[in-house]
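Participant: This structure is in structure tokens; I'll ask about it shortly.
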């Protein structure tokens, strides 16, 4: 059973703070993703990574960066948090070449005040 | 401009009846479609998928229908159960290797009333 874990379920940060969201998967998947989920907008892709140290921008990368130093870990970084980054953040992983289903973590509800 | 639309934000169905969740897309390049289910405080989980070469895919109580000419797909749940109450996301991408371009719809919240 694939397990994707996220470091925090709830997080409250102040405007301008640097924020780290961590994601770990235990199934040796090559591909990992960060999404944000907002009401009425569904899930929007921020960044994804198809290998260690590799990253690609998704649809809404502005204000975010990522890091993938190890295969199992994919971090999302908000360099200077802003109130419009208040959202639910979801991490996912996928095994390359084996269908398209992504395995999601439980999500981190981030509030920036 | 949303490329994947789920025009019903919510749906209520009686237990035992059929639930029909609809999804429309605008990009004719999409050729693989997925449905995910999401419970509160959990991440989405994969439910069922369909390739554009098919018009129907069935898995137990869940069936997805695809009408390419209308750019429309639907998820049927028969019979509906209270445990099916969740948010359902429709997703589309351009083929099995284009996972980086998966586009999700806004979701439909299904309530199955006992």
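Protein chains in written order, with my numbering: chain U, -5 to 107; chain E, 131 to 244.
Even glycine gets a Cβ: it sits at the ideal position worked out from N, Cα and C.
1) Check the Cβ of residue 219 of chain E against every Cβ in chain U and list those closer than 7 Å, keeping chain order.
2) Less than 7 Å between C-beta atoms, sequence neighbours within five positions excluded: which residues of the same chain meet that for residue 1 of chain U?
3) Which residues in chain B sit within 8 Å of residue 176 of chain E, going by Cβ to Cβ distance?
4) Which residues does DSSP list as the beta-bridge partners of residue 25 of chain U?
5) Compare the Cα-Cα distances from residue 82 of chain E to each of E:136, E:145, E:169 and report the closest residue.
6) Helix, strand or coil, according to DSSP, for residue 213 of chain E in the structure here?
7) Quick check: what's the CA-CA separation for residue 166 of chain E versus residue 39 of chain U?
8) Grouping DSSP H, G and I as helix and E and B as strand, with all else coil, what is residue 77 of chain U?
9) From which residue to which residue does the beta strand (DSSP E) around residue 36 of chain U run?
10) Assuming residue 25 of chain U contacts residue 75 of chain U under a Cβ cut-off of 8 Å, what Cβ separation, rounded to an integer in Å, is found between them?
11) Which of the three DSSP states, helix, strand or coil, is assigned to residue 168 of chain E?
12) Determine, for residue 57 of chain U, whether the minimum Cβ-Cβ distance to residues of chain E falls below 8 Å.
13) Can you tell me the Cβ-Cβ gap for residue 202 of chain E and residue 148 of chain E, rounded? I've got them flagged as a contact below 8 Å.
14) Strictly by DSSP, which residues pair up with residue 197 of chain E?
15) Does DSSP classify residue 62 of chain U as helix, strand or coil?
16) Check residue 208 of chain E in the structure and name its three-state DSSP category.
Facilitator: Checking against the coordinates, here is how it stands:
1) 36, 37
2) 15, 16
3) You won't find chain B in this structure, because its protein chains are U and E.
4) U:88
5) Since the displayed chain E opens at 131 and closes at 244, residue 82 of chain E lies outside it and no answer follows.
6) helix
7) 15 Å
8) helix
9) 36 to 43
10) That belief does not hold up - the Cβ atoms of residue 25 of chain U and residue 75 of chain U are roughly 26 Å apart, past 8 Å.
11) strand
12) no
13) Incorrect: roughly 17 Å between the Cβ atoms, too far for contact.
14) E:202
15) strand
16) coil
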